[in-house]
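Enquirer: In my numbering, the protein residues as written are 1 to 1187.
Where a beta carbon is used, it is the ideal one built from N, C-alpha and C, also for glycine.
This is the structure, below, for whatever I ask next.
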């Protein structure tokens, strides 16, 4: 078994790092521009690849990416990048084979080979030869001057026979075993004229294919120093140039005579001669061929045509004495080469796998593809040449080839072959002595295990066992396991598809699909999915007309033998979509097979199935008039229109794209979609709406141009209303796309190309690499923690004094308008105008980042962190009615951006976050509910009040939320109930606006802070009588309520003062200027305050190192002892290692001598509690006790 390759961590990390840097598509000619040469020499480029619009540039680091992008912007070169909304050039990853070959010939030192993406012959790109040819004719030339003298040393054998008259037939039979379809002709001692006549006669038969000429000569004069060798008994000579001229085509010469290497040394310099000629010589120019004792005289020929016989005899000669075996009968193994269950068949099978693996591991992809995959005859001969390279040095000869190949005689994989032959000889000896039956060899089992270990242990280089796995597909007993391994390989390994194609595995897969699809459907679908996701050109190898019915059987529920999972059905839809993409023949087959009705029936299945059913429909009728008529008769487009309201954004995107390809002069669906765009969060869906509306405009161009000329009529046009919405989109890329559509409609004469025509194909191509990603992209890296945060305000709070002291302060250029503390890390974010600024509290450095690509005409009106398990995105609302969700580290573009209102709000936009439902509450003059999971607006809520909203708070325990209004009254909403507004709480201080509010945990009471220092706590069931009400500083304009602790803060011109829920002063924080912003930490007793002078100060309760995770309704399980800590508002660890809280001591030791792991954890937890240094690790560690 091959040794498992070690894990190269640096290479793995390098690959992961590269994946994070997006490529840049540059529109340029097919000659390498001068400016690109400078980047190549500087090492800033990873590779350059070809696409139809120009070049695809891959860069190693983000720094290099920014450097190249800035250069392109400054020089005004058109380009496109996935994460750069400033670029507009759409790119289609399509390779032009002819122009690509020309460019590769000129710049082979720069351009790296890329995967083909169109249905061309794969050999032209993957296998390196632009004009692949096959060997269809073999001419076998036998020259023996004295046959008996030649064979006497070799035991009387030539081609394993002793009779001279049987040699030609024996050699033909050996080549028949090499390839059954090879045409053969034998010449014995021919004169040059006869050889010329035969070669010239082949010219008309073989066209551009290759001719094999095999010369076996013994006893004739040696070749001359000028490269001519004898072909008959009269010593008339010919040269390689003569043979090439006579044949007039490509030639493979096998030269089995002494000093054959001289033919390679003296080969002419003509380019066509050297390109068309391949030579396999039995020895070097100064070597004489010797006979093998008890073997054939034609040793080189026997290695090429009967490799198993020669391998057995070589092993007996070399290793037999060491094993104590010398019986000639050991090499005569029973069975037939074509029958793998027999001993001879299995050994031949293993030898083929071994030789293939050695070649795969030794040569580069171009060499391997040319000599070992382009043609079956050539592949067999070059595999067997590796055996000759190992065997013949034992007899004083070293085979050569042209083009030259490095020797593989000492490759370590030969050790596995020797081990197999040792077992074979042992079995054969037992058979001869005791009549024991033959046992199968464990070789393939061991190699599959080694390949599995390689897959699980780390991906480095290429797997040596891959060609052997290919051979296991031939065996029904190994086939399922081999397919599963290949499915995992193509899914997990970088460049796996390239290796898959280099080994030419598709013919094996197609045969299995046609004969055993039902049994092996799942792994076959996975493999085809993974391959087609990378390389669309492979679909021609799938033989669409023969494999389509099998793929479509995946959806046949009436066949009990074909029960497919959702994953299998999704994979099958993906494969069929890729086959349909721009392929008229596949579209015809789909129409004949009734595929449209299949897709219509799948539109009620799982989201991924719905998505790819829609994409299949779009690919089916795209540029297909008959397909559109067929779908129209089946009313398929009506079902697609219903999918525009789907809860999954990817499904809606697929539906919009499908409808954009269905638009005709008689079908206009713009009226149905105009109102939908205003409720869409997903930017891809909004872009595709633009693509669709462009198609509609194309059929109504004259009417649209008249509307642009008449300002009054534009209001009544749904198309122009649609464009006006998107021209004000918060995504700058969408704004430019919308403007491009408008310019197209106004331009005369009409441009040759539609401005967004390529984005449609770009979307479909971009759907391919995201095929296995999660459906929800918005929070894919920041999934929410469903744990509910509670708090307890029941009872009095006098038992605890919250005294806050200043921890740190920092100075900013402008006074902050909004502040928020990160609940998981020691950092904060502040807003001033339209800028968001990030600051680490434990660092003395300046700002970590700031956002500048938001319009300066807008300001931030709402700011908060969204609490998640692993990340803490920032939710920001703006005065122009837009909402953005920012990532804390990747700030070049927001995770989400959408417009909550078409026009700017006359009042501030306030946002709330329903964490358990992943919804955003956007309130100003109107209230809207936006679902982040579905990425769309789900409700416009009637407020029942004309006053603007001044505060929003969401419950952490249910779906309710509360809105505070300008006059001081509040309303509580719950969308689960028929009456959305479930409670109206009157203003307890008339004329004072509600500036802060909080829905408390277990008792669901509402706490409200009004302008002028008024605080009210109201039971939602009895809103008329507040539970608590008090007023302090009448000049207070700011207020904040701690989410969990009983703390309320008021701020104004005199500074900030903290109170408990009973109105008792806890801390007074003096400031040099009036407070402009303030915010509590979500969990800890921390307060951040911003002043008018730009100074931001952080205050905390040092004495009470409060770990609020223990405050929540949790059970802390510790060594089978359950401690109910719900009633402990303040918990600490005293000197006796006991949990202390609320004046009570629970005698439960934190440490335990019997459990070292638990003791270590207790120490870490104690340190975190004492030092208040809650890192992300502690946060996750402690949060595990929430369940």
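1. For residue 159 and residue 286, which I take to be in contact (beta-carbon distance under 8 Å), what is that distance rounded to the nearest angstrom?
2. Is the separation between the beta-carbon of residue 231 and that of residue 143 shorter than 9 Å?
3. Pair every Cβ in the stretch 674-694 with every Cβ in the stretch 945-953, then say whether three or more of these pairs are closer than 8 Å.
4. Check each candidate in 276, 313 and 505 and name the one with the smallest Cα separation from residue 293.
5. Mark residue 165 as exposed unless 16 or more other C-beta atoms lie within 10 angstroms of its C-beta, in which case mark it buried.
6. My output table needs one value for residue 1079: the three-state DSSP class, helix, strand or coil.
7. With a threshold of 16 other CB atoms inside 10 Å of the CB of residue 523, please say whether the residue is buried or exposed.
8. For residue 822, count neighbouring C-beta atoms within 10 Å of its own C-beta (all shown protein chains included) and say buried if the count is 16 or more, exposed if not.
9. Taking all protein chains shown into account, decide if residue 133 is buried (16 or more other Cβ within 10 angstroms of its Cβ) or exposed.
10. Counting only the same chain and skipping the five closest in sequence on each side, list residues whose C-beta sits under 6 Å from that of residue 1097.
11. In its own chain, which residues sit with a C-beta less than 6 Å from the C-beta of residue 611, not counting the 5 before and 5 after it?
12. Contact defined as beta carbons within less than 8 Å: I believe residue 446 pairs with residue 357. What is the distance between those atoms, to the nearest angstrom?
13. Decide if residue 211 is buried, meaning its Cβ has at least 16 other Cβ atoms within 10 Å, or exposed.
14. Keeping to the same chain, check which residues put their C-beta closer than 6 Å to that of residue 239; ignore five residues upstream and five downstream.
15. Please report the straight-line C-alpha distance between residue 79 and residue 684, rounded to a whole angstrom.
16. Buried or exposed for residue 625, going by 16 or more other Cβ atoms inside 10 Å?
17. With respect to the alpha helix (DSSP H) encompassing residue 525, which residues constitute its N-terminal and C-terminal limits?
18. Identify every residue that forms a DSSP beta bridge with residue 972.
19. Among 622, 968, 881 and 966, which one has its Cα closest to the Cα of residue 928?
20. Buried or exposed for residue 439, please, with buried defined as at least 16 other CB atoms from any protein chain shown within 10 angstroms of its CB.
21. Just to confirm, is the Cβ distance from residue 993 to residue 950 under 9 Å?
22. Helix, strand or coil: which one does DSSP assign to residue 662?
23. How would you label residue 792, buried or exposed, when you count the other beta carbons within 10 angstroms and need 16 or more for buried?
24. For residue 709, which three-state DSSP category applies?
25. With 16 as the cutoff for other CB atoms within 10 Å, does residue 369 come out buried or exposed?
26. Between residue 940 and the rest of its own chain, which residues show a CB-CB distance below 6 Å, the 5 nearest in sequence each way excluded?
27. Alpha carbons only, please: which of 398, 961, 354 and 467 is nearest the one belonging to residue 412?
28. Can you tell me whether residue 878 is buried or exposed, with buried defined as 16 or more other CB within 10 angstroms of its CB?
29. When we look at the beta-carbon of residue 563 and count the other beta-carbons within 10 Å, is it buried (16 or more) or exposed?
30. Roughly how many angstroms separate the alpha carbons of residue 738 and residue 727, rounded to a whole number?
31. What does a CB cutoff of less than 7 Å around residue 585 pick up in its chain, not counting 5 residues either side in sequence?
32. I need the boundaries of the beta strand (DSSP E) containing residue 910, first residue and last residue.
33. Taking contact to mean 3 or more Cβ pairs, one atom from each stretch, closer than 8 Å, check whether the stretch 955-974 and the stretch 931-939 are in contact.
34. To which residues of the same chain is residue 647 closer than 6 Å at the C-beta, ignoring the five residues directly before and after it?
35. Report the CB separation of residue 1075 from residue 1056 in whole angstroms; it is logged as a contact under 8 Å.
36. Going by beta carbon distance, what residues of the same chain come within less than 6 Å of residue 876, once the five residues before and after it are set aside?
Expert: According to the data block:
1. With 8 Å as the limit, residue 159 and residue 286 do not qualify as a contact, their Cβ atoms being about 27 Å apart.
2. Cβ atoms of residue 231 and residue 143: closer than 9 Å.
3. no
4. 313
5. exposed
6. Judged by DSSP in its simplified three-state form, residue 1079 adopts strand.
7. buried
8. Under this definition residue 822 is a buried residue.
9. By the beta-carbon neighbour count (other beta carbons within 10 angstroms, threshold 16), residue 133 is buried.
10. 806, 809 and 1089
11. 650, 651 and 654
12. At roughly 13 Å, the Cβ-Cβ gap does not stay under 8 Å, so residue 446 and residue 357 are not in contact.
13. The residue in question, residue 211, is buried, as its Cβ has 16 or more Cβ neighbours within 10 Å.
14. 227 and 228
15. 20 Å
16. exposed
17. 521-534
18. 962 and 983
19. Of 622, 968, 881 and 966, the residue nearest in Cα terms is 881.
20. exposed
21. Yes, the Cβ-Cβ distance between residue 993 and residue 950 is below 9 Å.
22. coil
23. Here the model assigns residue 792 a pLDDT of 45, short of 50, so the residue's position is not dependable, and the following value carries that caveat. Residue 792 comes out buried.
24. helix
25. buried
26. 928
27. 354
28. buried
29. exposed
30. 6 Å
31. 544
32. 910-914
33. no
34. 934
35. That belief holds up - the Cβ atoms of residue 1075 and residue 1056 are roughly 5 Å apart, short of 8 Å.
36. 860, 863 and 884
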